[in-house]
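J.:
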Amino acid sequence: MMGLLVFKERLKAFYGKYSYVVHPVVKFVFSLTVFLILNTNLGFMTKLKNPVIPIVAALVCSFLPWSAMTCLAAVLMLAHLYSLSLELVVITGILVLIVAILYSGFQPGDSLVMVITPLMFFLGVPYAVPLLLGLTCGLTSMIPMCFGIFFYYLLVYAKQNAGVLAAAGAVDITQKYMQILKSLFGNETMLLMMLAFAAAVIVVFLIRNLSVDYAWSIATVAGTVVLLAVIFMGNSRLDVKLSIGAISVGTLLSVILAFILQFFLFAVDYTRTEFLQFQDDDYYYYVKAVPKIAVTAPDVKVQRINKRKDS
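Residue numbering for the sequence shown follows our numbering, starting at 52 and increasing by one per position.
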């Protein structure tokens with residue numbers, strides 16, 4: 052444990068010293084991953100599949116705010132969908148416009164959640180999203196999270212039905228719009244995930260703000276239980292086909308990620324908890340103070356001593 056704490060302090064010191072380099076590198080890697088995943092899972096516009104384009108776009112994003120990466124990802128998605136189906140890109144474009152209007156009601160940085168959520172789905176650890184958001188964000192983060200879930204299933208729908216969507220003359224345009232809307236908004240798996248993730252965020256957020264020992268750990272476990280309970284209940288009662296094995300593995304990895312986040316953001320020593328009481332002219336104050344776990348990284352200096360030469 053001491054070794055991990057020392058590593059944490061060294062990592063914080065490194066970040067504090069070289070943050071001007073770390074920030075652009077992290078933005079570049081994250082943006083490139085998002086753009087490559089979009090090209091891999093859509094790829095309907097051949098010109099955008101050129102590897103130079105996502106690399107250049109990621110380089111641009113590395114020196115811009117996170118919201119710029121979100122906008123470029125939306126543009127890339129719409130460009131691929133435009134090459135597949137005009138009707139689908141119109142529907143998606145309207146939804147993106149609604150999200151852009153609602154963005155003014157999100158907290159700063161919440162738009163990134165709409166990108167992280169589908170990315171975690173593609174990486175196989177989507178269940179980490181509600182746990183991490185519940186531990187670090189507010190309840191308003193559920194809004195961009197649900198939009199992120201929707202966009203993930205929209206991409207899956209486009210990929211799985213590319214042949215049908217590309218057949219523009221097969222059905223009437225009105226019927227085609229209705230078919231797309233029904234397929235997107237009537238997806239029971241998507242609705243179940245939205246419900247389960249939102250319930251988990253609420254549980255984790257409420258418990259981690261309680262003044263109890265090991266609140267973050269309890270919140271992580273409780274949120275995981277609620278998440279799995281809602282998913283399994285929906286899996287048995289709705290027309291939903293989910294892999295129990297994939298859910299189990301993804302949940303285990305998600306819990307591990309949540310505890311790693313807790314170690315870096317909320318490492319405290321409950322054995323040294325203090326209860327303080329003081330007052331002013333109007334109130335009595337009862338304070339519970341829990342000290343953070345902090346160690347000083349050893350500063351090892353090696354001094355070379357030259358052997359004295361004999362005269």
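Note that beta-carbon positions come from the ideal geometry of N, C-alpha and C, so glycine has one too.
(1) Tell me which same chain residues have a C-beta within less than 8 Å of the C-beta of A273, skipping the five on either side of it?
(2) Express the C-alpha separation of K68 and V207 in angstroms, rounding to a whole number.
(3) When you compare the CB positions of L135 and A213, do they come within less than 8 Å of one another, or not?
(4) Where I106 and S192 are concerned, what is the direct C-alpha to C-alpha distance, given to the nearest angstrom?
(5) Taking all protein chains shown into account, do 16 or more other C-beta atoms lie within 10 angstroms of the C-beta of D161, making it buried, or fewer, making it exposed?
(6) Expressed to the nearest angstrom, what Euclidean distance is found between the alpha-carbon atoms of E325 and V341?
(7) Hey, could you find the ends of the beta strand (DSSP E) A340 is sitting in?
(8) Is there at least one Cβ from chain D nearer than 8 Å to I88's Cβ?
(9) So Y336 and Q328 are supposed to be a Cβ contact under 8 Å. How far apart are they, rounded?
(10) Please return the same chain residues whose Cβ sits closer than 7 Å to the Cβ of Y228, not counting the five positions on each side in sequence.
(11) Expressed to the nearest angstrom, what Euclidean distance is found between the alpha-carbon atoms of A251 and N92?
(12) Over what stretch of residues does the alpha helix (DSSP H) that includes L243 continue unbroken?
(13) Please name the residue or residues paired with L327 in a DSSP beta bridge.
(14) Go ahead and pull the three-state DSSP assignment for V319.
T.: So, to answer that:
(1) V254, V255 and I258
(2) When the Cα atoms are used, V207 and K68 turn out to be separated by approximately 42 Å.
(3) yes
(4) S192 has its alpha-carbon roughly 29 Å from the corresponding atom of I106.
(5) The Cβ neighbour count for D161, taken over all protein chains shown within 10 Å, is at least 16; the residue is labelled buried.
(6) Take the alpha-carbon of E325 and the one of V341: they are about 7 Å apart.
(7) Y335 to A340
(8) The chain inventory of the structure shown lacks chain D, comprising one protein chain alone.
(9) 7 Å
(10) Residues of the same chain with a CB within less than 7 Å of the CB of Y228, apart from the 5 flanking positions on each side, are E138 in chain order.
(11) 28 Å
(12) Run containing L243: E239 to R259, per the alpha helix (DSSP H) assignment.
(13) In DSSP, L327 forms a bridge with V338.
(14) strand
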